[in-house]
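Below is one structure, written out as structure tokens, with a few remarks after it.
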């Protein structure tokens, strides 16, 4: 298997994950090809990412009053194996890189047979909900993110 | 075919529709049974309803600053025929009843063969986005709604 | 609160539910009004219904090879309270009526404060995936359904 | 703006697009942040990609009987500007690279102000729906793809 550009060493990359969220695939997330639609993994990435970031407590709660909000800068997903309704998916998440006002988050999904069905990554940027501009992390946020890195 | 409770005479009910929106079924809106998932019609109802209400101009634009917003009180859909990806759906909408602070909206979906595949209805309530309480329609709104009834 | 037509006595109706599924609201299931989009409850109904029917074992597994498949005849939902991201929803399901080839399923959703935010119902029809026609329940299915009624 | 890795020269990259699909953003595709949810662009990519591939006629019709089906190998999206409900999006698609049994498809989304709000790419692999293995393109497919490249 050719490695995605965001993975240098697969084994160490896999070992880097501690946190995961269990995803229940919704029937409506399948498509007429009989498998999970290719859009659905990004729904699962979002669910796992929010659970992870809430656990870290690096961003405020996700309500519209918060001034600093995390937004998605980019997203990518590699589809290694088809996913099917009824499978319980473990979606692993980790912070791979911490920048000035953004972080790189990596994803790995495993099915019930412990096969990796998805890998992915994406940049999360902290912006001001007022100005829409990027907002550098404060010391406390950096501390949390570095430690979890 | 047994008529849904919200239809008394089918022919006159059908004749009551003038406005429709053309719906492009998204591939992601199908499911592993090979047809359009049963959740999707409510997506289409919403799209057609918003287009219709915007055309009537009875509610402000749907942004979060508006004080009076239309919310869904209830929704129902009868599935007469399966829908498939690639079909272009005509989704007809009409105001069937005008209340003090709510309206009853009816829906009828036709596929490319002009077969009726869905019928439905739902109550839309005007509430204050501040208080969350229902807000009676003003004279202008009533006029618009009565005329379109 | 005015009762939906499918509920005669609210207290006994509520007491009729034993089974429930815990629903994790996905962020993507909210909308720009800040709450859970009105389409999402039907996603939750489907998830809870499938879990319930699988537990009963009244239909085969939901794969495309099965000859008899359950399809949705109609669906309705009453929105009693707005739902928000972060809430964990208990979605209760019960078989309310058993017909020759169809069943009526009722739904009740409770939020974390144990408030009822949704009630609903819908008819599930057993059809042949080959002919598309309705298929009467066999004795074993009736037994299961009657007992769980 | 830092260019995504899949774009070498932005101007010539933009010029490479001829085909586009107009996307009507669904209200249910927004989220509580008030904008289009970050999952939705992948729904739009899929809709535009299917329209484009159907126009090329390089794959059979998307039904489950087809033996050769196109599946998604990977997907990525860069979010340049937030998208909002009510905007009409022009989603441009082009084949960027043709391999033995896969193609690289690029995406560019423009809003009503003609601003680029999304860029993206993804690999589509032709597989056998029977074996699940990749299926090399035949001469006719190559001809079509090369010509449209």
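Residue numbers (our numbering), protein chains in the order written: chain A, 25 to 173; chain B, 25 to 173; chain C, 25 to 173; chain D, 25 to 173.
Cβ atoms here follow ideal geometry from the backbone N, Cα and C, with glycine treated the same way.
Computed from a predicted model, the values in this text were never measured in an experiment.
If you run the structure through DSSP and keep just helix, strand and coil, what is residue 35 of chain B?
DSSP places residue 35 of chain B in the helix class (H, G or I) of the three-state scheme.
One question on the structure: do residue 155 of chain A and residue 55 of chain B come within less than 7 Å of each other, judged by their Cβ atoms?
Contact annotation: residue 155 of chain A and residue 55 of chain B have beta-carbon atoms that are not nearer than 7 Å.
Is residue 135 of chain B close to chain A, meaning its C-beta is less than 7 Å from at least one C-beta of that chain?
Not closer than 7 Å to any Cβ of chain A, the Cβ of residue 135 of chain B fails to qualify, so no.
Going by CA-CA distance only, name the one from C/133, C/120 and C/91 that's closest to residue 111 of chain C.
With distances taken between Cα atoms, residue 111 of chain C lies closest to C/133.
Any beta carbon from chain A within less than 7 Å of residue 62 of chain D's own beta carbon?
True, the Cβ-Cβ gap to chain A drops below 7 Å.
Residues bridged to residue 139 of chain B [DSSP beta-bridge criterion]
Answer is none; residue 139 of chain B lacks a bridge partner.
Bounding residues of the beta strand (DSSP E) (the contiguous stretch that carries residue 115 of chain D)
Counting along the chain, the beta strand (DSSP E) containing residue 115 of chain D begins and ends at 112-122.
According to DSSP, what are the bridge partners of residue 170 of chain A?
DSSP, once it has assigned bridges, lists no residue as partnering residue 170 of chain A.
Beta-carbon of residue 139 of chain A versus every beta-carbon of chain D: anything under 7 Å?
Not closer than 7 Å to any Cβ of chain D, the Cβ of residue 139 of chain A fails to qualify, so no.
With distances taken Cα to Cα, identify the nearest neighbour of residue 167 of chain C among C/99, C/123 and C/52.
Closest by C-alpha distance to residue 167 of chain C, out of C/99, C/123 and C/52, is C/123.
Among D/157, D/171, D/170 and D/163, whose alpha-carbon lies nearest the alpha-carbon of residue 92 of chain D?
Ranking the options by Cα distance to residue 92 of chain D, first place goes to D/157.
Residue 115 of chain A to residue 72 of chain A span [Cα, whole Å]
The alpha-carbon of residue 115 of chain A is positioned some 6 Å away from that of residue 72 of chain A.
Going by DSSP, which residues form a beta bridge with residue 134 of chain B?
According to DSSP, residue 134 of chain B bridges with B/114 and B/140.
Just checking: is the beta-carbon of residue 52 of chain C within a distance shorter than 7 Å of some beta-carbon in chain D?
Yes - at least one Cβ of chain D is within 7 Å of the one on residue 52 of chain C.
Who are the neighbours of residue 58 of chain D on chain C, taking C-beta pairs under 7 Å?
What residue 58 of chain D touches in chain C: 56.
Give the single residue among C/109, C/140, C/41 and C/128 whose Cα lies nearest to the Cα of residue 48 of chain C.
Here the closest residue by C-alpha is C/109.
For a contact defined as C-beta to C-beta under 9 Å, what are the partners of residue 175 of chain D on chain B?
The question about residue 175 of chain D has no answer, for chain D in this structure spans 25 to 173.
Could you tell me the boundaries of the beta strand (DSSP E) in which residue 99 of chain A lies?
In this chain, the beta strand (DSSP E) harbouring residue 99 of chain A covers 92-103.
Measure from the alpha carbon of residue 40 of chain A to the alpha carbon of each residue in A/95, A/119, A/28 and A/142, then state which is nearest.
Checking every option, the nearest Cα to that of residue 40 of chain A belongs to A/119.
Compute the distance between the beta-carbons of residue 117 of chain A and residue 68 of chain A, then report whether it is under 7 Å.
Contact flag unset, no.
Grab me the residues of residue 126 of chain C's own chain with a C-beta within less than 8 Å of its C-beta, minus the 5 sequence neighbours each way, in chain order.
Here the set comprises 97, 147, 148, 149, 150 and 158.
Just grab the DSSP bridge partners of residue 48 of chain C for me.
DSSP, once it has assigned bridges, lists C/112 as partnering residue 48 of chain C.
With 16 as the cutoff for other CB atoms within 10 Å, does residue 27 of chain D come out buried or exposed?
Of the other Cβ atoms in all chains shown, fewer than 16 fall within 10 Å of the Cβ of residue 27 of chain D; this residue is therefore exposed.
Rounded C-alpha distance that separates residue 88 of chain A from residue 169 of chain C:
Note that residue 88 of chain A scores 49 on pLDDT, short of 50, meaning its location in the model is unreliable and no value can be drawn from it.
Looking at chain A, which residues of the region 100-123 of chain B have a Cβ within less than 7 Å of any of its Cβ atoms?
Under the 7 Å Cβ criterion, the region 100-123 of chain B contributes 109.
Span of the alpha helix (DSSP H) holding residue 77 of chain B?
Judged by DSSP secondary structure, residue 77 of chain B falls within the alpha helix (DSSP H) whose first and last residues are 64-80.
Excluding five sequence neighbours on each side, which residues of the same chain lie with their C-beta closer than 8 Å to the C-beta of residue 61 of chain C?
Within the same chain, residue 61 of chain C has close Cβ partners 53, 54 and 55.
Minimum Cβ-Cβ distance from residue 67 of chain C to chain A less than 7 Å
Interface residue, yes.
Simplified DSSP state of residue 150 of chain B, which is helix, strand or coil
If DSSP states are grouped into helix, strand and coil, residue 150 of chain B belongs with the strands.
Within 10 Å of its beta-carbon, does residue 33 of chain B have 16 or more other beta-carbons around it, so buried, or fewer, so exposed?
Exposed, by the Cβ-count rule.
CB residue 144 of chain A to CB residue 105 of chain A, shorter than 7 Å?
No, these two residues do not count as a Cβ contact at 7 Å.
7 Å is my cut-off, CB to CB: does residue 98 of chain B come that close to chain C?
At least one C-beta of chain C is nearer than 7 Å to the C-beta of residue 98 of chain B.
At the 7 Å Cβ level, is residue 49 of chain D part of the contact set with chain B, yes or no?
Output row for residue 49 of chain D: interface = no.
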